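Down below is the structure, laid out as structure tokens.
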């Protein structure tokens, strides 16, 4: 069994004008569908980051991938890691640039490239053997993977451009606590989520505090809540928000990346603990690669590490992170970017094989629609907020090639090849807008 | 694919009167050959610890194993771990009893039981798919696994009893530096080993220092040397030996478990470092389970963790240890007990998939002979001190059932069902002998 072909399908996925501390989501999110074919006629697929840079990174390994035995993933990881070591040695400091959008750090490109190939290989192996992907890495530890309602501040609109403008602005404008609560109720009614995350760092902290308090009143005491301002706050502000939301974030919730950097996170933690407030801090900014994890433990700057098979290096590296968190006594949750069904199933299998992952995973899936879905049968169904691991080979999904072609058409028409939330802010909201950390 | 049958073959393996700080090896080492059969007619095998207790521990999970899908190992691990948690909660302190012979700690029994079943399952899966075992866990990172010449002090004789007394005492008595050097030359000539370990803690430290110095003179500067007195020394003695052997143990060698306990190891390390001596300390006594590994890093008591798929919990847990050592910046080598070819191939596959394992693995294999080997085709061949990972399904070996039956016959005749090196010392060397730590 050898890989005989590697196909890359860049696609554009309509996305609403969601806000974060990075800026504004563009009308289309970019993704890449990866497809490998094997000498015995099996197809394996994966979904990864979109745009020129991720595409180029995968193209750069084409000659290494074609001809490869899909079982020989450790050797491929070593090959990519050795290249990355060289790149890091060439770069100043050699340290991850954690202020970047997760998944966009050039120094960690190799883990994203590896993940895209690894998942496609495991999908192909699973399809060849008639086994679910999770069985290939030891088997699942849970049959169903809970996801969280991932709430955003947003402007009116649902993305898309020209003739393809999406008409279904399901959640409308969300810029007030009331609208946050309304969108949450909509999302829970539709998907059955049992944990809730608010993307913050968009409006002044007091308004976001009010939104979380309103959610708690509306949802009652049993739904864990988390807020993630993407490092928009100073240490002082982080401590103040942590203090004011102590009651709301306890019992299974967390405060995610209130401020930038491990030192700042550790200071927030120390000051909150000194007040008797042990709200856990979660991060996908201070902890983006394995060496950061023992540092998180040593400094106590992060208590919950946010995984993501797309940028931590695929399924087995996701397991490695789970093992590491377990040994170090850290919690584990999962980060998300805009994605379609192939990624959702990848995240579900990845979560299903990680014992340490005990929080509901993030997902942007509710912000996308049937129009863009690329898997046969349309959008993946949630059962009371969870994805049930299917008893089907590989990831359990197949590509709908007509839909892939439509996504490709939209991609080809787009004037941009890179996510740039700051530029979108400048174009649509404020021509002088810059990402400033801390903003408050 | 389900497991339809579980067969356990307790066997006895002739073993010479080898010495260690635990005492004296008995005339037979005890092992258990594990065999599973699947509903589609595949057989998977493994080799593990012998005697009543390991047998009983595997018997205790028979009803959980028979009927199980061999791919669902994570669920089986969770099942065994949950039981072990309860056992630990019931035991005082809940901490591994690290003074015991590695592999004999009742609190870690579940990892040994899991390993025995996991390896047999992976062997069966590999045989079903026509894939080497290492391919099932991501593929190998090396094609050949180096082993070390594992030298012992010993009395004359080669083990066995009655009509089965082994006549071939290949290495004779080894109680002097000259005899140590002679046995080393014999072993290297026969197997081609390129690293050397001396089991110490048997004769006074000055004699063992002399043996290591004699080995260095004989072998020249390029063969890494290690010595393992199994905790027989005080902190002061450990520091003194480390000081006197500084030149001999550098460049790829190490000082293994000179004294008992992480605190003692850390003190030895501090005192040696203060003298500008960074001879690494290795351990399979202070580090026997995952929580010990970050402790090793924190205290700097251990720089090289000794793995062993038999007691760390099988192949994937061996990978987990490699990952953990890599992230924490610790070295990794491999421990051995008396074993036959099934274990040797297990160790080879386990080592082949662990990037962090950069030292030659220990093996007792040279102390056993063709008479007792249970794999078809007889003893595994070494190529310049290494085992080449075969391109054969599963572990790459099959059982010779006549040989298994002979091992079983010998086992049935034996009056003992447990390794007891202290009792053997009392019987054959000194009726008042006790294991005393530290002895020197």
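Chains as they are written, first to last, in this note's numbering: chain A, 9 to 448; chain B, 9 to 448.
Glycine residues also receive a C-beta, built at the ideal position from the N, C-alpha and C atoms.
This one's a predicted model, so the numbers in the text were calculated from it and none came from an experiment.
The Cβ of residue 153 (chain A) sits no closer than 9 Å to any Cβ of chain B. The beta carbon of residue 92 (chain B) lies closer than 6 Å to those of 118 in the same chain, with the five residues before and after it left out. Of the candidates B:169, B:301, B:149, the residue whose Cα lies closest to the Cα of residue 24 (chain B) is B:169. Looking at the DSSP output, residue 53 (chain B) bridges to B:43. The continuous alpha helix (DSSP H) containing residue 409 (chain B) extends over residues 409-421. Assigned with DSSP and collapsed to three states, residue 242 (chain B) falls in coil, not helix or strand. Around the C-beta of residue 151 (chain B), fewer than 16 other C-beta atoms lie within 10 Å, and the residue is accordingly described as exposed. Per the C-alpha coordinates, the member of B:262, B:282, B:446 positioned closest to residue 367 (chain B) is B:262.
Under the three-state reduction of DSSP, residue 274 (chain B) is assigned to helix.
Within chain A, the residues placing a beta-carbon under 8 Å from that of residue 332 (chain B) are 331, 332, 335, ordered along the chain. Here the region 64-81 of chain B does not lie against the region 367-378 of chain B, with fewer than 3 beta-carbon pairs under 8 Å apart.
Taking the CA atoms as reference points, residue 142 (chain A) sits about 14 Å from residue 54 (chain A). Residue-level contact by beta carbon holds for residue 82 (chain A) and chain B, with a gap shorter than 9 Å. For the region 72-97 of chain B, the beta-carbon criterion of a distance under 7 Å to any beta-carbon of chain A is satisfied by 79, 80, 81, 82, 83, 86. At a cut-off of 9 Å between beta carbons, residue 160 (chain A) makes no contact with chain B.
Of all residues in the region 138-149 of chain A, the ones placed with a Cβ closer than 7 Å to any Cβ belonging to chain B are 139, 143, 146, 147, 148, 149, in chain order. Ranked by Cα distance from residue 362 (chain A), the first of A:48, A:12, A:323, A:207 is A:323. By the neighbour-count definition (other C-beta atoms within 10 Å, threshold 16), residue 173 (chain B) is an exposed residue. Excluding residues up to 5 positions away in sequence, 213, 266, 267, 446, 448 lie with their Cβ nearer than 8 Å to the Cβ of residue 245 (chain A) in the same chain.
In this structure residue 204 (chain A) is in contact with residue 159 (chain A), their Cβ atoms being roughly 7 Å apart against a cut-off of 8 Å.
In this model, residue 185 (chain B) and residue 12 (chain A) are separated by some 59 Å (Cα to Cα). In this structure, the beta-carbon distance from residue 313 (chain A) to residue 338 (chain A) falls below 9 Å.
Residue 156 (chain B) sits in coil when the DSSP states are folded into three classes, being neither helix nor strand. Annotation for residue 422 (chain A): 20, 36 place their beta carbon closer than 7 Å to its own, counting only its chain and skipping 5 residues before and after. At least one beta carbon of chain A lies nearer than 9 Å to the beta carbon of residue 305 (chain B). By the Cβ criterion, the region 334-351 of chain B is in contact with the region 48-63 of chain B, since at least three pairs of Cβ atoms, one from each stretch, lie closer than 8 Å. Contact holds between the region 269-276 of chain B and the region 293-306 of chain B, because three or more Cβ pairs, one in each stretch, are under 8 Å apart. Residue 340 (chain A) sits in a strand when the DSSP states are folded into three classes.
Within the DSSP secondary-structure output, residue 369 (chain A) pairs in a beta bridge with A:155.
Remark: C-beta atoms of residue 177 (chain A) and residue 164 (chain A) approach each other more closely than 9 Å. Counting only residues of its own chain and dropping the five nearest sequence neighbours on each side, residue 195 (chain B) has a CB closer than 6 Å to the CB of 157, 374. Listed along the chain, the chain B residues whose CB falls inside 7 Å of the CB of residue 302 (chain A) are 335, 336. Residue-level contact check: residue 122 (chain A) does not touch chain B, since none of the beta carbons of chain B fall below 9 Å from its beta carbon. Neighbourhood of residue 328 (chain B) in chain A, by CB distance below 7 Å: 331, in chain order. With respect to residue 42 (chain A), residue 136 (chain A) sits apart: the two C-beta atoms are not nearer than 9 Å.
About 6 Å separates the CB atoms of residue 317 (chain A) and residue 123 (chain A); that is less than 8 Å, so the two are in contact.
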